[in-house]
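Comments concern the structure below.
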Amino acid sequence: MQNRVSRRGMRRARAVAAAAVAALAAATLSGCSGISTTTVAEQEFVNDLTIPPLAASSVDDGVRTFHLTAQEGRTTFPGVDGETVTWGFDGGFLGPTLRAARGERIRVVVDNELTEPTSVHWHGMHLPAAMDGGPHQMIEPGATWTPTWTIDQPAATLWYHPHPHGETEKHVYNGLAGMFLLDDDASMAAQLPHEYGVDDLPLIVQDRAFDRDGQFELRHDGAEPGMLGDVVMVNGTVGAVEEVTTERVRLRLLNGSTARTYTFEIPGHPLALVATDGGRMDAPVALDRIRLAPGERAEVVVAFEPGETVRMRSVVTEMGGIVVPATTGANDAFDVLEFRAADALAPTPEPAWAPSVHVEEDALHETDATVTRAFELEGREINGREMSMSRIDEVAYVGDTEVWEVHSSQPIPHSFHIHDVQFRILTIDGASPPPELAGPKDTIFLEPNREYRLLLRFEDYADPAMPYMYHCHMLLHEDEGMMGQFVVIEHGQEVWVGPPGYDDDADDGSPGDGHHH
Numbered sequence: 011m012q013n014r015v016s017r018r019g020m021r022r023a024r025a026v027a028a029a030a031v032a033a034l035a036a037a038t039l040s041g042c043s044g045i046s047t048t049t050v051a052e053q054e055f056v057n058d059l060t061i062p063p064l065a066a067s068s069v070d071d072g073v074r075t076f077h078l079t080a081q082e083g084r085t086t087f088p089g090v091d092g093e094t095v096t097w098g099f100d101g102g103f104l105g106p107t108l109r110a111a112r113g114e115r116i117r118v119v120v121d122n123e124l125t126e127p128t129s130v131h132w133h134g135m136h137l138p139a140a141m142d143g144g145p146h147q148m149i150e151p152g153a154t155w156t157p158t159w160t161i162d163q164p165a166a167t168l169w170y171h172p173h174p175h176g177e178t179e180k181h182v183y184n185g186l187a188g189m190f191l192l193d194d195d196a197s198m199a200a201q202l203p204h205e206y207g208v209d210d211l212p213l214i215v216q217d218r219a220f221d222r223d224g225q226f227e228l229r230h231d232g233a234e235p236g237m238l239g240d241v242v243m244v245n246g247t248v249g250a251v252e253e254v255t256t257e258r259v260r261l262r263l264l265n266g267s268t269a270r271t272y273t274f275e276i277p278g279h280p281l282a283l284v285a286t287d288g289g290r291m292d293a294p295v296a297l298d299r300i301r302l303a304p305g306e307r308a309e310v311v312v313a314f315e316p317g318e319t320v321r322m323r324s325v326v327t328e329m330g331g332i333v334v335p336a337t338t339g340a341n342d343a344f345d346v347l348e349f350r351a352a353d354a355l356a357p358t359p360e361p362a363w364a365p366s367v368h369v370e371e372d373a374l375h376e377t378d379a380t381v382t383r384a385f386e387l388e389g390r391e392i393n394g395r396e397m398s399m400s401r402i403d404e405v406a407y408v409g410d411t412e413v414w415e416v417h418s419s420q421p422i423p424h425s426f427h428i429h430d431v432q433f434r435i436l437t438i439d440g441a442s443p444p445p446e447l448a449g450p451k452d453t454i455f456l457e458p459n460r461e462y463r464l465l466l467r468f469e470d471y472a473d474p475a476m477p478y479m480y481h482c483h484m485l486l487h488e489d490e491g492m493m494g495q496f497v498v499i500e501h502g503q504e505v506w507v508g509p510p511g512y513d514d515d516a517d518d519g520s521p522g523d524g525h526h527h
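Going left to right, the sequence shown walks through residues 11 to 527 as our numbering numbers them.
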């Protein structure tokens with residue numbers, strides 16, 4: 011049966027969290043900069059970075075088919091006694107990297123060999139709601155789910171992870187996650203490092219805590235924005251080392267953590283930002299560092315010198331006007347990954363690319379927007395409501411361009427993710443976004459009490475009875491109710507709007523009024 015979270019449970023968890031934040035705020039006054047209660051343990055960097063394998067696929071009748079199996083495993087982590095019980099796809103921990111090109115028809119056969127229901131959400135993918143892998147597409151133990159869709163979006167670094175209502179944090183924390191890379195005409199012709207696992211590296215950065223028995227520890231003790239572990243790993247490797255053989259390396263960064271926000275830098279090495287969540291920038295953007303909240307991705311190209319050894323670090327993170335940075339990971343600084351460059355490096359050109367043939371059809375224009383919607387995140391609610399599986403909160407129409415005004419009204423970290431679409435940030439508090447936020451996005455960190463105006467378009471895939479989600483990607487917040495549902499329909503389908511038949515006790519099930527004007 012569908013996993014559910016009761017309204018009483020959500021309120022109890024929210025009250026605990028609010029009390030903890032209030033107590034810490036009262037106790038933490040001036041002079042606390044640099045203090046942290048969420049420090050990360052120092053690691054010895056001696057372990058070869060694991061590169062997730064590219065998933066095998068076959069093509070039959072024009073359809074590329076992948077297979078994934080969700081399963082339990084045993085994983086040995088350096089510094090941890092014994093084996094840790096973990097979950098993974100096609101292995102004990104994490105999953106393989108899926109890869110497909112724009113225009114391809116794909117099918118993924120997903121088998122669930124776990125002892126509880128799960129799902130697989132294709133984070134950042136434009137696809138039919140019934141194939142999205144949200145909480146309405148649960149896979150029972152022993153069952154198989156086979157979504158099929160056509161890739162129709164720009165080249166990008168996407169990822170996949172479970173999305174069961176009320177259980178997403180646990181499933182991701184246990185290890186169910188992997189990357190999904192998309193190619194297109196422009197990416198295949200671009201001057202970018204492109205040899206997977208050599209100069210084009212997938213980097214899934216996550217934190218974990220372990221108990222005395224060497225098992226993952228996922229506490230719910232009122233900490234905000236959720237559990238922050240003291241062990242940071244990349245692709246499941248603790249103390250990871252990567253041997254560099256080329257002058258430039260492309261890093262596909264994914265914050266796969268459930269709550270921790272990172273600010274990545276490589277001291278003395280500029281980061282050339284070439285892509286954000288949903289695809290390429292118009293041109294490379296030179297950065298010293300980049301902040302990524304849970305669910306966000308970035309592709310950066312880094313130049314190395316022959317024979318050098320350097321480390322990628324996460325430095326102190328600016329989160330805006332949050333309360334008690336010392337308890338939210340904002341003050342933490344630690345090494346993440348070591349690079350060791352060979353004495354001779356193969357030459358690599360400066361990053362450059364031409365526009366895709368699809369650039370005009372992909373473009374978003376504010377002048378096309380016909381609807382503006384407002385979303386306020388507070389407590390564990392969006393627009394004053396906790397998530398209900400049986401309530402549609404918003405109704406959009408195929409072909410419409412909209413502006414979503416998103417605002418967090420409480421001083422704790424939140425991020426905001428929208429399924430199915432990639433958006434552009436129009437303004438933040440009325441000003442243009444910084445260059446690193448000018449690319450296509452599907453997830454955005456919300457600094458408290460700032461208004462983010464997002465431009466998006468709903469294309470294809472009308473379905474009045476199957477919703478997509480929008481939610482906070484701090485997964486504890488999502489699980490405790492900070493999520494809503496929207497459907498995309500054709501004009502004339504209004505009478506059929508409503509989710510699959512769920513008797514959810516979290517709300518009365520009445521449709522939302524849309525919160526738009």
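Where is the CB? At the ideal position from N, CA and C, for every residue including glycine.
Residue i classed as buried or exposed, judged by whether at least 16 other C-beta atoms fall within 10 angstroms
| i | result |
| --- | --- |
| Thr247 | buried |
| Thr3 | With the chain running from 11 to 527 in the structure shown, residue 3 is simply not present. |
| Met198 | exposed |
| Thr286 | buried |
| Arg229 | exposed |
| Glu490 | buried |
| Thr273 | buried |
| Met205 | The sequence given here places Glu at residue 205; Met does not occur at that position. Exposed is the call here. |
| Glu504 | exposed |
Proximity below 8 Å, CB of residue i to CB of residue j
| i | j | result |
| --- | --- | --- |
| Glu252 | Leu211 | yes |
| Ile435 | Leu466 | no |
| Pro509 | Ile402 | yes |
| Val238 | Thr85 | Just to set this straight, residue 238 is Leu in the shown sequence, not Val. No; because the gap between Cβ atoms is not below 8 Å, this pair is not in contact. |
| Val310 | Leu347 | no |
| Asp452 | Gly188 | no |
| Leu213 | Asn245 | yes |
| Ile454 | Phe426 | yes |
| Asp473 | Ala140 | yes |
| Arg307 | Arg262 | yes |
| Pro106 | Ser129 | no |
| Phe349 | Glu257 | no |
| Pro203 | Val259 | yes |
| Ile161 | Gly207 | no |
| Phe76 | Ala250 | no |
| Val312 | His279 | yes |
| His417 | Glu461 | yes |
| Glu360 | Gln225 | no |
| Ala379 | Thr411 | yes |
| Pro174 | Val182 | no |
| Gly288 | Ala373 | no |
Residue i - partner residues in DSSP beta bridges
| i | result |
| --- | --- |
| Ala80 | Phe99, Asn122 |
| Val498 | Ala406 |
| Met322 | Leu347 |
| Asp134 | For the record, residue 134 in the displayed sequence is Gly; it is not Asp. Per DSSP, none; premise fails for Gly134. |
| Leu59 | BP columns for Leu59 are empty, so no partner. |
Residue i versus residue j: straight-line alpha-carbon distance, rounded
| i | j | result |
| --- | --- | --- |
| Ala37 | Phe385 | At Ala37, the pLDDT of 39 sits below 50, so the modelled position is not reliable and the matter cannot be decided from this model. |
| Glu415 | Leu456 | 11 Å |
| Ala364 | Glu93 | 48 Å |
| Pro151 | Ser46 | 41 Å |
| Arg321 | Arg218 | 20 Å |
| Asp195 | Glu52 | 43 Å |
| Arg395 | Thr154 | 33 Å |
| Met329 | Arg290 | 25 Å |
| Asp514 | Lys180 | With a pLDDT of only 45 at Asp514, under the threshold of 50, the placement of this residue in the model should not be trusted; the figure read from the coordinates follows. Computed Cα separation, rounded: 21 Å. |
| Thr60 | Asp91 | 20 Å |
| Leu387 | Pro235 | 13 Å |
| Ile400 | Gly511 | For the record, residue 400 in the displayed sequence is Ser; it is not Ile. Their Cα atoms are separated by approximately 7 Å. |
| Arg383 | Ala296 | 33 Å |
| Ile438 | Glu446 | 13 Å |
| Asp353 | Leu104 | 33 Å |
| Glu370 | Pro164 | 12 Å |
| Val507 | Ala406 | 11 Å |
| Thr96 | Glu123 | 13 Å |
| Gln81 | Asp221 | 22 Å |
| Leu168 | Leu108 | 10 Å |
| Glu500 | Leu78 | 33 Å |
| Ser67 | Val73 | 10 Å |
Presumed contact (8 Å Cβ cut-off) between residue i and residue j, rounded CB distance
| i | j | result |
| --- | --- | --- |
| Val215 | Val242 | 7 Å |
| Thr268 | Leu302 | Contact flag wrong, Cβ pair sits at about 14 Å. |
| Pro335 | Met484 | About 15 Å separates the two Cβ atoms, so there is no contact after all. |
| Pro458 | Pro421 | 5 Å |
| Phe170 | His136 | Correcting the residue identity first, residue 170 is Tyr in this sequence and not Phe. Not a contact, Cβ separation roughly 14 Å. |
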